[in-house]
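One structure is given here, and the rest of the page talks about it.
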Amino acid sequence: IMTFLIVFSLVLPSVLMKSGNVYVRTVGETVQIRCPYPDDHRYTPKYFCRHPCKSSEQVLIKTAKTYQVVLDGRYSLTDTVNGQFFTVTIKHLRLTDSGVYYCGLDQWFIDTLKKVNLSVLQYIYGHFFRSETTCP
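Residue numbers (mature numbering (1 follows the signal peptide of the UniProt record, and there is no 0)): -17 to -1, 1 to 119.
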């Protein structure tokens, strides 16, 4: 029984993932991404990162406390505690912004991530084009 418990604990992921939304915008626009969270996480630090979101370099913006608005270049994060969601805003979208992102709750043992897909299109002569990116 002890061997089973040890093996089981090693297999548990360090991240709990949930399905998310798809956002489609054009180059130069602004996108607001809504990231809901449960009531018991209102005091948990929140963050927004780009796939694969395995290191701090992929974290684009993060809160340190609740009721906080964080601004960092083209990114902003607003935690709306009473509404149980935070909003990430990305301004002046570029084709290279297309990809997979995650809304994250920074927890002590297992971070909870919600997957978000962003597709940024270029409008040229009446047609939409997108960059060729491969997303998991």
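Just so you know, even glycine gets a beta-carbon here, dropped at the ideal spot from N, CA and C.
Since this is a predicted model, take the numbers as computed values, not measurements.
Item	Value
Spatial neighbours of Arg57 in its chain, beta-carbon cut-off 7 Å, leaving aside the 5 residues before and after	Ile73, Lys74, His75
DSSP state of Asn59 mapped onto helix, strand, coil	Going by the sequence as given, residue 59 is Ser instead of Asn. Residue state, collapsed to three classes: strand.
Residues bridged to residue 125 [DSSP beta-bridge criterion]	The question about residue 125 has no answer here: the residues shown for the chain are numbered -17 through 119.
Beta-carbon spacing of Leu104, Thr13 below 7 Å	no
Closest by C-alpha distance to Tyr26, when choosing among Gln15, Cys32, Asn65	Asn65
Helix, strand or coil at Val10 according to DSSP, with G and I counted as helix	coil
Cβ neighbours of Ile16 in the same chain (closer than 8 Å, five flanking residues each side left out)	Asn4, Tyr6, Phe31, Thr70, Val71, Thr72, Ile73, Tyr84, Cys86, Val99, Leu101
Strand pairing of Thr72, partner residues [DSSP]	Gln15, Ser59
Close beta carbons around Phe68, own chain, < 7 Å, minus the five adjacent residues each side	Arg17, Cys18, Pro19, Tyr20
Residue burial classification, residue 124 (beta-carbon count within 10 angstroms, cutoff 16)	Because the chain here runs from -17 to 119, residue 124 falls outside it and cannot be looked at.
C-beta contact flag for Thr63 and Val53 at 7 Å	no
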